[in-house]
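Line by line, the protein sequences give chains R and H. Just so you know, we're using our numbering here: the first sequence kicks off at 599 and counts up by one. Just so you know, we're using our numbering here: the second sequence kicks off at 599 and counts up by one. Cβ coordinates follow ideal geometry from the N, Cα and C atoms, glycine included. Keep in mind that this is a model prediction, so the values were computed, not measured. Read the structure below first, then the notes.
Number of protein chains: 2
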Amino acid sequence: MLDDRKLAVLRAIVQDYVSTEEPVGSKTLTERHDLGVSPATIRNEMAVLEEEGYIAQPHPSAGRVPTDKGYRLFVDRLSAIKPLSVAERRAIGQFLDGAVDLDDVINRTVRLLAQLTSQVAVVQYPSLARATVRHIELLPVAPTRVLIVLITSSGRVEQRVIDCGVQVDEQSIAALRSQLNHTVAGLRSHDLAVALADLRDSFGADAQALVKPVIAAVLETVADQHEERIVLGGTANLARFVQDFHGSIRPVLEALEEQVVLIHLLGEAGGSQPVTVRIGHENPHEGLASTSVVSSTYSIEDQAVARLGVVGPTRMDYPGTMGAVRAVARYVGRILAGQ
Amino acid sequence: MLDDRKLAVLRAIVQDYVSTEEPVGSKTLTERHDLGVSPATIRNEMAVLEEEGYIAQPHPSAGRVPTDKGYRLFVDRLSAIKPLSVAERRAIGQFLDGAVDLDDVINRTVRLLAQLTSQVAVVQYPSLARATVRHIELLPVAPTRVLIVLITSSGRVEQRVIDCGVQVDEQSIAALRSQLNHTVAGLRSHDLAVALADLRDSFGADAQALVKPVIAAVLETVADQHEERIVLGGTANLARFVQDFHGSIRPVLEALEEQVVLIHLLGEAGGSQPVTVRIGHENPHEGLASTSVVSSTYSIEDQAVARLGVVGPTRMDYPGTMGAVRAVARYVGRILAGQ
DNA sequence: ACTGGCACTCAGAAGGGAAGAGTGCCAGTC
DNA sequence: GACTGGCACTCTTCCCTTCTGAGTGCCAGT
Chain R
599 MLDDRKLAVL
609 RAIVQDYVST
619 EEPVGSKTLT
629 ERHDLGVSPA
639 TIRNEMAVLE
649 EEGYIAQPHP
659 SAGRVPTDKG
669 YRLFVDRLSA
679 IKPLSVAERR
689 AIGQFLDGAV
699 DLDDVINRTV
709 RLLAQLTSQV
719 AVVQYPSLAR
729 ATVRHIELLP
739 VAPTRVLIVL
749 ITSSGRVEQR
759 VIDCGVQVDE
769 QSIAALRSQL
779 NHTVAGLRSH
789 DLAVALADLR
799 DSFGADAQAL
809 VKPVIAAVLE
819 TVADQHEERI
829 VLGGTANLAR
839 FVQDFHGSIR
849 PVLEALEEQV
859 VLIHLLGEAG
869 GSQPVTVRIG
879 HENPHEGLAS
889 TSVVSSTYSI
899 EDQAVARLGV
909 VGPTRMDYPG
919 TMGAVRAVAR
929 YVGRILAGQ
Chain H
599 MLDDRKLAVL
609 RAIVQDYVST
619 EEPVGSKTLT
629 ERHDLGVSPA
639 TIRNEMAVLE
649 EEGYIAQPHP
659 SAGRVPTDKG
669 YRLFVDRLSA
679 IKPLSVAERR
689 AIGQFLDGAV
699 DLDDVINRTV
709 RLLAQLTSQV
719 AVVQYPSLAR
729 ATVRHIELLP
739 VAPTRVLIVL
749 ITSSGRVEQR
759 VIDCGVQVDE
769 QSIAALRSQL
779 NHTVAGLRSH
789 DLAVALADLR
799 DSFGADAQAL
809 VKPVIAAVLE
819 TVADQHEERI
829 VLGGTANLAR
839 FVQDFHGSIR
849 PVLEALEEQV
859 VLIHLLGEAG
869 GSQPVTVRIG
879 HENPHEGLAS
889 TSVVSSTYSI
899 EDQAVARLGV
909 VGPTRMDYPG
919 TMGAVRAVAR
929 YVGRILAGQ
């Protein structure tokens, strides 16, 4: 359907539009790119591209602008991820190496990504579900209340206070703690659930007032996918793209404030590609219809644990952004593995 | 210097400007407010107010707009904090009552404040320095590494991993843990530092490899004022005030992204007033020169622990915002005390 | 299949009143 | 002496028109 020259024209349009922010016409296109044909020929090609829905005209006598479909084709077939420069890579490494703990790594990552891409960065904390439980701590904080602290292999700490209803003594808490830790060691999600259920049933009826809520809370914490923590940074960068968002960045800011939206934003692990791109309306949320999300999974010791990415206008530098996201994802995984 | 009528005029100007978003002239002023005199008289009063620096003209033939100084006078002498309606109070209570833990309380608070005031909300986590340490937990996470978890009376959990350099055994960790907990019980900042130093010296030379870094880390964590966690919400509301910020909300968003700025933003406990207001240039940061910050301390069981507030354009409804901030601060303290 | 040329369209800039809001000042009134 | 009505003046804002330039589609010619 689309011969090589049409693809070359589309590529040129995307590149020009991204860098100039202005609809691109046939004449400027031939001037800036060595396509070897005249504007008139380009016009014919453009007419076809428009008919097929890859480009569009903002108004009748303006140049062309890529559509979501056009960007999609560009990302899939017309461009390659652009590796970062050596200097950039070194800067990333140095910046992340200074981190002292998990929180610090995540915070630094989000700032780094935002700065590197001049866009909004989103970083998810390493997932509980895929991590193993390293330790469970139980602490009485009031006569009937127990604080549960859960430490995972990814260094994440989850806490929760439960109320047992009845008075609980230090001794039974200590007993339960040691049993719990013995049971959970190294287990992942499903196996953990089974093992904990067994453990719960092994306690006598008198201990259930304590054991039952504690184990329920542990299971809930582990299973609770909704508790995914996500950190956002670089929202100020949005201000540079007011025009791309039809004059108001409000809907975008609103979407980014909803935790639920954020969680779905980064999407699922995208099969074989290292970097996933969601363009415009491919995004799940209305307010993000004119944004694109470039995201990637990061892994700790070959275990995919979470995702990170950036949100920007559909008119973004895809190759560069993809390169930055990929590079940062790799480094973060490496840093976290070392901790 | 300023007689009652001039004050009445200033009050009317502030109220009108806040509600209409437009410079207010002498004629409209007499139409909307029952000042009992003609526009010409008002004009004379306005001329004086302008000379004194309470109001200004955006351009020669426009109406008047309050200056920072004008707002200041309005807040200090011309208005009273507006209590929330019963319905609003009930809504606050219900919304916050649903919170399950500290994180949830803080998150709900920030959302609540943002929605209630239609502005950007800022909430600080209860301060470590003023809280007592409820429990310290030590967990070996690797041969030479120990995870320190610190639980404060305000329900906050701080974590840190340290590397002792040498291999440490479970037994000495357990011993140190029980000693630590025995020592810190109920102590606040300064006393805690002294007690911990004593404790450290009481250990033998062979144990110092473990004891020294652990105690140092505990002290650091407790003393570290910079680690104040602050949560932000409702930034989307900024978009509504683009005009107030000379066309770009970028500097504001940037300022709000800097942790350091945020920490200084809420300011210090403001003496006797329940609610502190910082207007325009009174703010410490350049980017916030056309915003005002309304903040308040919140207390847990009469112990002031942290602050919360909102950031909005200087052209804001001060009485209403102050009422909302005060009410939320009270409720949060109450909720946290109950947990 | 490509190109040059031409007529056409339309957004956006530039210019020019006209309207409207607001001001300062002054002379007159209570 | 304080207040008011009136008046001349100053600006912004809005709307209208005009003009320019970029860009298009189409067609006949190479």
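Nearest residue (CA-CA) to Lys667 (chain R), options R:Leu797, R:Ser683 and R:Glu650: The residue labelled residue 667 (chain R) in the question sits at position 69 within the first sequence. Of R:Leu797, R:Ser683 and R:Glu650, the residue nearest in Cα terms is R:Glu650.
Whether Arg754 (chain R) touches Leu700 (chain R) by CB criterion (8 Å): The residue labelled residue 754 (chain R) in the question sits at position 156 within the first sequence. The residue labelled residue 700 (chain R) in the question sits at position 102 within the first sequence. Yes, they are a contact pair.
Pro883 (chain H) versus Ser677 (chain R) - alpha carbon distance: To locate residue 883 (chain H), count along the second sequence from 1; it is residue 285. To locate residue 677 (chain R), count along the first sequence from 1; it is residue 79. The amino acid occupying residue 883 (chain H) in the given sequence is His; Pro does not appear at that position. If you take the alpha carbons of His883 (chain H) and Ser677 (chain R), they lie about 43 Å apart.
Assigned secondary structure, Glu735 (chain H) (DSSP; H/G/I helix, E/B strand, else coil): In the second sequence, residue 735 (chain H) corresponds to position 137, counting from 1. Strand.
Neighbour flag for Asp699 (chain H) against chain R, beta carbons, 8 Å: Walking along the second sequence from the start, residue 699 (chain H) turns up at place 101. Cβ-Cβ to chain R under 8 Å: yes for Asp699 (chain H).
Ile746 (chain R): first and last residue of the uninterrupted beta strand (DSSP E) it sits in: Start at 1 with the first residue of the first sequence, and residue 746 (chain R) comes out as number 148. Run containing Ile746 (chain R): Arg743 to Thr750, per the beta strand (DSSP E) assignment.
Chain H contact for Ser776 (chain R) (CB, 8 Å cutoff): Taking the first residue of the first sequence as 1, we reach residue 776 (chain R) at position 178. No, its Cβ sits nowhere closer than 8 Å to a Cβ of chain H.
Outcome for Glu756 (chain H) when other beta-carbon atoms lying within 10 angstroms are tallied against a minimum of 16: Working through the second sequence from its first residue, we reach residue 756 (chain H) at position 158. Buried, since its Cβ has 16 or more Cβ neighbours within 10 Å.
Simplified DSSP state of Ala740 (chain H), which is helix, strand or coil: As a working note, residue 740 (chain H) is residue 142 in the second sequence. DSSP, read as helix, strand or coil, puts Ala740 (chain H) in strand.
Rounded C-alpha distance that separates Ala922 (chain H) from Leu605 (chain H): The residue you call residue 922 (chain H) lines up with position 324 of the second sequence. The residue you call residue 605 (chain H) lines up with position 7 of the second sequence. Whole-angstrom Cα-Cα distance: 25 Å.
Continuous beta strand (DSSP E) stretch holding Arg876 (chain R): start and end: The residue labelled residue 876 (chain R) in the question sits at position 278 within the first sequence. Where Arg876 (chain R) is concerned, the enclosing beta strand (DSSP E) stretches over Val873 to Ile877.
Distance CB(Leu736 (chain R))-CB(Leu790 (chain R)) smaller than 8 Å: Along the first sequence, one-based indexing puts residue 736 (chain R) at 138. Along the first sequence, one-based indexing puts residue 790 (chain R) at 192. No. Outside cutoff.
CB contact flag (Ala815 (chain R), Ile749 (chain R), <8 Å): Here residue 815 (chain R) is taken as the residue at index 217 of the first sequence, counted from 1. Here residue 749 (chain R) is taken as the residue at index 151 of the first sequence, counted from 1. Their beta carbons are not under 8 Å apart, which means Ala815 (chain R) does not touch Ile749 (chain R) by this criterion.
Cut-off 6 Å between Cβ atoms - residues of its own chain near Val612 (chain R), not counting five sequence neighbours on either side: For the purposes of this step, residue 612 (chain R) is taken as the residue at position 14 of the first sequence. Here the set comprises Pro664 and Phe672.
Cβ-based burial, Glu619 (chain H) [other Cβ within 10 Å; buried from 16]: Here the question's residue 619 (chain H) lines up with position 21 in the second sequence. The residue is exposed, with fewer than 16 neighbouring Cβ atoms inside 10 Å.
Best match in H:Arg662, H:Gln765 and H:Lys810 for proximity to Pro738 (chain H) [C-alpha to C-alpha]: On the second sequence, position 140 is the one that residue 738 (chain H) refers to. Of H:Arg662, H:Gln765 and H:Lys810, the residue nearest in Cα terms is H:Gln765.
Ala719 (chain R): first and last residue of the uninterrupted beta strand (DSSP E) it sits in: The count along the first sequence starts at 1 and reaches residue 719 (chain R) at position 121. Note, Ala719 (chain R): beta strand (DSSP E), Val718 to Gln722.
Against chain R: residues of the segment 838 to 858 of chain H by CB proximity under 9 Å: Arg838, Val840, Ser846, Ile847, Arg848, Pro849, Val850, Leu851, Glu852, Ala853, Leu854, Glu855 and Gln857
Reduced DSSP category for Thr707 (chain H) - H, G, I as helix; E, B as strand; rest coil: Within the second sequence, the letter at position 109 stands for residue 707 (chain H). Three-state DSSP puts Thr707 (chain H) in a helix.
From R:Leu710, R:Val926, R:Tyr896 and R:Asn835, residue whose alpha carbon lies closest to that of Met914 (chain R): Looking up residue 914 (chain R) in the first sequence gives position 316. Comparing Cα-Cα distances from Met914 (chain R) to each of R:Leu710, R:Val926, R:Tyr896 and R:Asn835, the minimum goes to R:Asn835.
Helix, strand or coil at Val809 (chain R) [DSSP, three-state]: As a working mapping, residue 809 (chain R) is identified with position 211 in the first sequence. Val809 (chain R): helix per DSSP, three-state reduction.
Ala610 (chain H) and Leu647 (chain H) closer than 8 Å at C-beta: Here residue 610 (chain H) refers to the residue found at position 12 of the second sequence. Here residue 647 (chain H) refers to the residue found at position 49 of the second sequence. No, the Cβ-Cβ distance between Ala610 (chain H) and Leu647 (chain H) is not below 8 Å.
Beta-carbon neighbours of Ala834 (chain H), restricted to chain R and to distances below 7 Å: For the purposes of this step, residue 834 (chain H) is taken as residue 236 along the second sequence, with counting starting at 1. Chain R residues near Ala834 (chain H): Arg848, Leu851, Glu852 and Glu855.
Distance, Gln806 (chain H) Cα to Asp767 (chain H) Cα: Here residue 767 (chain H) refers to the residue found at position 169 of the second sequence. Here residue 806 (chain H) refers to the residue found at position 208 of the second sequence. Their Cα atoms are separated by approximately 13 Å.
Beta strand (DSSP E) segment containing Gln757 (chain H), residue limits: For the purposes of this step, residue 757 (chain H) is taken as residue 159 along the second sequence, with counting starting at 1. Element bounds for Gln757 (chain H): Val755 to Asp761.
Cα-Cα separation between Val708 (chain H) and Val720 (chain H), rounded to whole angstroms: Here residue 708 (chain H) is taken as the residue at index 110 of the second sequence, counted from 1. Here residue 720 (chain H) is taken as the residue at index 122 of the second sequence, counted from 1. Their backbone Cα atoms lie some 6 Å apart in a straight line.
Cα-Cα separation between Gly691 (chain H) and Tyr929 (chain H), rounded to whole angstroms: Stepping through the second sequence from its first residue, residue 691 (chain H) is reached at position 93. Stepping through the second sequence from its first residue, residue 929 (chain H) is reached at position 331. Whole-angstrom Cα-Cα distance: 7 Å.
Of the listed residues R:Asn881, R:Ser890 and R:Pro872, nearest to Tyr896 (chain R) (C-alpha basis): On the first sequence, position 298 is the one that residue 896 (chain R) refers to. It is R:Pro872 whose Cα lies nearest to the Cα of Tyr896 (chain R).
Contact set between the segment 749 to 773 of chain H and chain R, restricted to residues whose Cβ is under 8 Å from the partner: Ile749, Gly753, Val755, Gln757, Arg758 and Val759
Cβ-based burial, Asp614 (chain H) [other Cβ within 10 Å; buried from 16]: Position 16 of the second sequence, counted from the start, is the residue given in the question as residue 614 (chain H). Burial call: buried.
Alpha carbon of Val635 (chain H) to alpha carbon of Phe843 (chain H), nearest angstrom: Position 37 of the second sequence holds residue 635 (chain H). Position 245 of the second sequence holds residue 843 (chain H). In a straight line, the C-alpha of Val635 (chain H) is about 35 Å away from that of Phe843 (chain H).
Residue interval of the beta strand (DSSP E) (run including Ala887 (chain R)): Here residue 887 (chain R) is taken as the residue at index 289 of the first sequence, counted from 1. Per DSSP, Ala887 (chain R) belongs to no beta strand (DSSP E) and is neither H nor E.
Positions along the segment 723 to 745 of chain H whose CB lies within less than 7 Å of some CB in chain R: Under the 7 Å Cβ criterion, the segment 723 to 745 of chain H contributes Arg732, His733, Glu735, Leu737, Val739 and Leu745.
8 Å Cβ cutoff met for Pro556 (chain H) and Leu934 (chain H): Here chain H covers residues 599 to 937 and nothing more, so residue 556 (chain H) does not appear.
Partners in chain H for Gly831 (chain R), counting only beta-carbon separations shorter than 8 Å: Translated into positions along the first sequence, residue 831 (chain R) becomes position 233. In chain order: Glu855.
CB-CB length for Pro917 (chain R) against Ile679 (chain R), believed under 8 Å: Translated into positions along the first sequence, residue 917 (chain R) becomes position 319. Translated into positions along the first sequence, residue 679 (chain R) becomes position 81. That pair is a contact at about 6 Å.
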